[in-house]
Structures are given as C-alpha cells and as structure tokens.
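Just below is one structure, and these are the notes that go with it.
Number of protein chains: 2
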Amino acid sequence: MTSQKNSDIILLSHGDGGLLTHQLLEKYFLPCFNNTLLEGLTDAASFPVRQGKMAITTDSFVVDPIFFPGGDIGKLAVCGTVNDLAVSGAKPLYLTASFIIEEGFPIADLERIIGSMARACKEADVTIVAGDTKVVGRTQADKIFITTAGIGYMLPEADLGYNRIVPGDNVIVNGPMGNHGLSVLLERNSFSFDTKILSDCAPLNVLTEGLIKRFKGIKFMRDLTRGGLATCVKEIALSAGVDIRLNDSNIPIDDEVRGITETLGLDPLYLANEGKFLIITNGEETGSILEYLKEDLSAQKSNIIGHIEEGKGNVYLKTALGGTRRLTMLSGAPLPRIC
Amino acid sequence: MTSQKNSDIILLSHGDGGLLTHQLLEKYFLPCFNNTLLEGLTDAASFPVRQGKMAITTDSFVVDPIFFPGGDIGKLAVCGTVNDLAVSGAKPLYLTASFIIEEGFPIADLERIIGSMARACKEADVTIVAGDTKVVGRTQADKIFITTAGIGYMLPEADLGYNRIVPGDNVIVNGPMGNHGLSVLLERNSFSFDTKILSDCAPLNVLTEGLIKRFKGIKFMRDLTRGGLATCVKEIALSAGVDIRLNDSNIPIDDEVRGITETLGLDPLYLANEGKFLIITNGEETGSILEYLKEDLSAQKSNIIGHIEEGKGNVYLKTALGGTRRLTMLSGAPLPRIC
C-alpha cells in the first residue's frame, strides 16, 4: 500500500513498465493526448502517408525553472519542435514526447505540464501519437526533461536553402528579441525588477505556412532559439558564404528587455527566443512580406533588420551610435538550460 | 582558452547552441552519423515518402551503468527504437537522437557511445537524420540520457493487432529470457559471480521482416523489454480479452541466468530483454515459424512457450513442479534504469 504522500509523487515504479506505468498512462497521458492513434497502446503509432516529401526533427528540453512567465517546459517542448519543422518549410503533423522524470516529482506538476502540452498541440494543430516515460532516482535528473520529435509534410511551395541566399536579399524578424531567455533567467534568479517579462514561446507554423504559400521570395527561415539572433545570423552567413549587415536600430527589442539586459550586462541579441524567427527574402517581396506579417497580431513588431552582401561569413552590426560591431557565435559565458 | 582538462570533457558551453555546440557536431556527431540528410545542418531533415502507411515511435534511455557487457546506452537507444518499429510490423528507416549530457562527462565516453550507435544503425540498416544536444550542470543529470524516435514504412504484409488473437493461437519467443536485465544489474552492483552475463541487445528488424513477409499467421509481436515477458503477456491478455497459459519448462532461460537469478531471488520472467520478442501465431503455422526462427543464428533457442485460451485477461504459468502460478504485471520492487 502506498501512503497518501506517495500517491502524489512520481515513484521509481512509475517508470518500470509495470502496473504503475500503465496507471500513469491511463490516468494522465491518454486523456490529455487523446487520439485514435494512441489508443492501441502498442509499441508504435501508425498513420497513412501520401506521396511527397516529409521533414523530421527532434529536441530535448531541460529548461530551468520548468515553469516561467509565459510558458513551461511542456509548452516549450511542443512549440520548439513544431517551430523547427515550420521554419524548414514543413506543415507539422505528428509529435512524439518522451519524459525523463526525477523520483519524487509532484504528479500535480506533471498534470500541469501535460495540460500545457495539450493546449499547445491544439494551437499548433498537431497530435502527440507516441510517448515514453522513464523515472530516475532522486538527484539523478533535475525534476523533468522532455524530448519531442516531430514530422510533417514539406509544403510543396517551400523552396528554402542556404544556396538561395544572395547579396541584395533582406533579413526580417517577426518581433522583439530576447524575451524568452530573459524571462527564464529572471525566474531562475531572484532579482528585484518591478516588471515581469513574458516568454514569447508560441507555435509559428500558422504564420510560416501562410508566408510560404503566398511568397515565392522567401529563401530561408530559422527560429531564433539557443544562441539567439546573433549566433543564428553568423551561422547563416558562414553556411551561405555571404556577409550579413544588421542595423541595431531596426532590431525590435522591448524597452523593458533593453533596460534589464543593460542593467545585467546581457546582450539581447544572444538571448534565446521561442516564438521568433528570421526570414531571408529577395528585395522585391520584402515590403509585402513585412505587411503580411504585421497583419498578424503576434507579429506587429516585425521589421527589416538587415541585408545580405557579398562576403565570406562575416556579420556586421551597425550600432545605434554609428559604429560597427562584428558579431560572432555565442561563446564563453554559457546560458545553460534556457530551453 | 580552455585547459587540457576542459578539452576532454563536456562543458555547459557545448549545449548553448554556440561555437562549442557546432564544434561538437562537426567533430563527433557528423562523421559518425554521416549521411546526406544531416549535411544541411538546418532545423529538420527532409526525405521523400511514397504512398503507404508509416509507423512512428520514441523511447528515452537512462540505463545505469551506461556501459555493460554486450552493449551500452548508445546501442540500446538504437536497438530499442528499431525494435519497437519492427514488432509493430514496420521496416525502420530513419531515427532521430537527442542527448542530455551532464557537465563534465568525458568526451571519450561520448565518442564511444556515438560509435556504438553508428554500428547499431549499420546493422539495422537505419540512418540517424536529426539530433540535438543539451548539457545540464553537474548533478542535474546522471552522466548521459539518450532519446531516440524512429519512423518506418509499415510492411504491406503486416496484419498485427490484439483483435486477431483468438483461443488456439500459440505464443513463441525467439530465445532465452532475462539476459539484458541481469547483465545490467550485475554490472551495477558488485557481486562476486564467476560468469559474465551478456546483454542480448540487438536489432530485431531483419528477423521480423522475414517473418512477416513469409507467414500470414503472425497475429501479434511485442519486444520483451521493461517489465519482462510476464508483464508483456499480462498486457496482451488484458488487451485482447483472452487468457494465456505459459509452460515454464518451455520458456528458454540460460542456465547461468537461472542460477544467478535464483541466488538473488529475482524472477527472470520479469527481467528486461533488449533482443527478444514474442509472436502470437495461429496453430497451423506455428511449426514453420519456429523452424524459420531456428535457422537464424540469433534465434536458435526459440520455442513455443504457451497458448491462448478463452478468458478475461488472466495469465497462468504451469511451473516445473506441476503447479500453476498466476502472473501479474511487474509491481512493487522496481528495477530502475534498466534501459
């Protein structure tokens, strides 16, 4: 017999594949991730496919703390994988979710996380079709880690790749930088700032699908997660064999984020975002794309932040004071467990 | 500058999405998981699909210790997911692999694990097409956890499901029970047994594909991992709404495994296997299936271990002494981190 206390927390037995594993599945996971593909409860879910091209991706989420303003590890695990597919030009369809849980983790927290995942799935119109739960002993993992994988069809209209990026193309972002990273950092440490920064964690697939279907000029997209805008732009410059010039004054950053990052000595261009992406587009369609983005409530602060030049992988930032700074990949002081 | 020591271990910066993350990818992961789909290094891998039915699955691997006789966490992470697809009637095709690594983990161990994954992929004829690496602080995870997801085409000949299981069907296993679980337990604790038990960890997809293509009488397959044979058979009995009678004398168990489990008070029917599966088949084809299995070097100890009867989910084991024992799902003393 388990005591009242034991019934409120995750036990090692919840992960041994036996009776408690089944009860956990039936009581918590299945009602939330309710779908016919999961009902068989066999080793794999199956689904019909039509001829075409599919995309697949995976990410592990180890964010600390697991709950933060604007989201939690569950919402992040769904949005992160959905967004990797979305910016690759795919329409996300099915996810898998695998949980590694520390013994003693409150079942109420697990319920909250699962509920949050279910809501994010609904918003992104994706279904979790397979999963796994492992439990490790106390101090062998920090609370809970979630790994999601996702697949979807490549949109036939999508034609994205480093090879399409040429001098004269423009760089657009869909909103202000740094909110997710700062939100998590502030929640983790006890600073005494008055304002609460919300994570921007959100699925991007509706927006990216709309863009790809409308604009042939979209040549490349990338979500601006770990390493932030700066690391991402540097990667693109290197991979495409071009230089990229950004204009700091045009990069949207919320006043509160700018203020707090200045106080803390952080650079918002290196902070992770979880609902932001960049678009590289040809010159002609730049205006229409920006207009389309701004019609979306979530992307009203979209802006053209730079352009592509001939070069060999350098990224230059024109600062507000008129100087020029060279951007490199994030290196040195790491921001661990930001996603 | 990092000291010599730092260059030998995983640092938090290896997981921040910046420079060291890229170096880790380029130096260790890409050479081992070398394939054209990974080369783009973008957010998702894409691949062509033809009309049909696909299967998807995922598992997290947290085995302790990470190296054990007959395998390691990397081999396990590939075989486990390959086998979930295989026993579902699918031909595994692509895997994703996501790593959660504790700061300070030796890079030499990571190399060894990646090499082992690459070899298992080759044996199973699957490709790792997408991945992720996160690093958490010391004591925030126990060394390394790996989550794999896998997809493959359902074999058109496969017709597997609880609904096909009826009284008169037989239960076959492809070899001796308990070797993986016992191997890990012995490696974890310091017992003074003379013999070394090898894990049976191996990909099953070549064998299952051969079976499905040859025999229409195969109604259900399941790999016998967490919870072991007993838990698995109990699940099947409940889900199919039948009783299952097993004959202990016919269940293959290696002498050494039997001896050591008796000494330790463990039941090999509840120990995890990582290269064993059961088949439920109609009466007529049972003999031919057994013959086919025994032709395979890895399955020479295959045997018919029981049969299906009308009932309501009970599992009965006829013991060697002539009595009958009722089997239930694993519950109570858990065997954590066995896979």
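So the protein sequences, as listed, match chains A and B. The first sequence lines up with residues 8 to 346 when you count with my numbering. The second sequence lines up with residues 8 to 346 when you count with my numbering. For every residue, glycine included, the Cβ atom is placed at its ideal position computed from N, Cα and C.
Does DSSP put residue i in a helix, a strand or coil?
| i | result |
| --- | --- |
| A/T140 | strand |
| A/F36 | helix |
| A/V89 | helix |
| A/D66 | strand |
| B/N170 | helix |
| A/M124 | helix |
| B/T134 | strand |
| B/D250 | strand |
| B/I164 | At residue 164 of chain B the sequence reads Glu, which differs from the Ile that was named. Looking at B/E164 - three-state DSSP - the assignment turns out to be coil, as it is neither helix nor strand. |
| A/D71 | coil |
| A/K308 | coil |
| A/S14 | helix |
| A/K203 | coil |
| B/P275 | helix |
| A/N257 | helix |
| A/K319 | coil |
| A/I80 | helix |
Drop a sphere of 10 angstroms on the beta-carbon of residue i, count the other beta-carbons inside from all chains shown, and report buried for 16 or more, exposed for fewer.
| i | result |
| --- | --- |
| A/P210 | buried |
| B/E46 | A caution first: B/E46 carries a pLDDT of 49, below 50, which makes its placement in the model unreliable, though a value can still be read off. With fewer than 16 Cβ atoms within 10 Å of its Cβ, B/E46 is classed as exposed. |
| A/N90 | buried |
| B/D5 | A question about residue 5 of chain B goes unanswered here, because the residues of chain B that appear run from 8 up to 346. |
| A/Q307 | exposed |
| A/N289 | buried |
| A/F200 | exposed |
| A/P163 | exposed |
| B/L328 | exposed |
| A/Q147 | buried |
| B/E281 | buried |
When the Cα atoms are used, what is the spatial distance from residue i to residue j?
| i | j | result |
| --- | --- | --- |
| B/I286 | B/V240 | 11 Å |
| A/G138 | A/L92 | 19 Å |
| A/L192 | A/G235 | 14 Å |
| A/G24 | B/G87 | 14 Å |
| B/F152 | A/Y323 | 38 Å |
| B/D132 | B/L100 | 7 Å |
| B/K203 | B/N257 | 24 Å |
| A/K150 | A/I108 | 6 Å |
| B/I219 | B/G168 | 13 Å |
| A/L48 | B/T268 | Residue placement at A/L48 is poorly supported in this model, since its pLDDT is 46, which falls under 50; the coordinates still yield a value, given next. Roughly 30 Å separates the two Cα atoms. |
| B/D274 | B/G188 | 11 Å |
| B/D79 | B/A104 | 15 Å |
| A/V178 | A/E118 | 40 Å |
| A/S338 | B/S14 | 15 Å |
| A/L253 | B/T232 | 53 Å |
| A/R265 | B/A97 | 52 Å |
| A/E194 | A/K82 | 16 Å |
| A/D166 | A/K226 | 7 Å |
| A/A279 | A/P343 | 11 Å |
| B/K223 | A/L31 | 35 Å |
| A/A125 | A/I16 | 21 Å |
| B/E110 | A/T215 | 36 Å |
With a Cβ-Cβ cutoff of 7 Å, do residue i and residue j count as a contact?
| i | j | result |
| --- | --- | --- |
| B/M161 | B/I260 | no |
| B/F75 | B/S190 | yes |
| A/G22 | A/C208 | no |
| A/D66 | B/T64 | no |
| A/M228 | A/I158 | no |
| B/C39 | B/I121 | yes |
| B/I345 | B/V249 | no |
| A/L27 | A/V142 | no |
| B/I251 | B/G330 | no |
| A/V136 | B/V56 | no |
| A/L205 | A/A237 | no |
Need the endpoints of the alpha helix (DSSP H) that residue i sits in, please.
| i | result |
| --- | --- |
| A/A244 | G235 to A247 |
| B/G294 | T293 to E302 |
| A/T270 | D262 to L271 |
| A/K220 | N212 to R221 |
| B/N186 | N186 to R195 |
| B/L27 | L26 to L31 |
Could you please give the first and the last residue of the uninterrupted beta strand (DSSP E) stretch that includes residue i?
| i | result |
| --- | --- |
| A/E109 | A97 to E109 |
| B/T386 | Because residue 386 of chain B is not part of the residues shown, which for chain B are 8 to 346, the question remains open. |
| B/G224 | That residue, B/G224, is in no beta strand (DSSP E); it is neither H nor E in DSSP. |
| A/T331 | T331 to L334 |
| B/S53 | A52 to V56 |
| A/I179 | N177 to V180 |
Within 7 Å (strictly less), CB to CB, does residue i reach chain D?
| i | result |
| --- | --- |
| B/S95 | Here the protein chains are A and B, and chain D is not one of them. |
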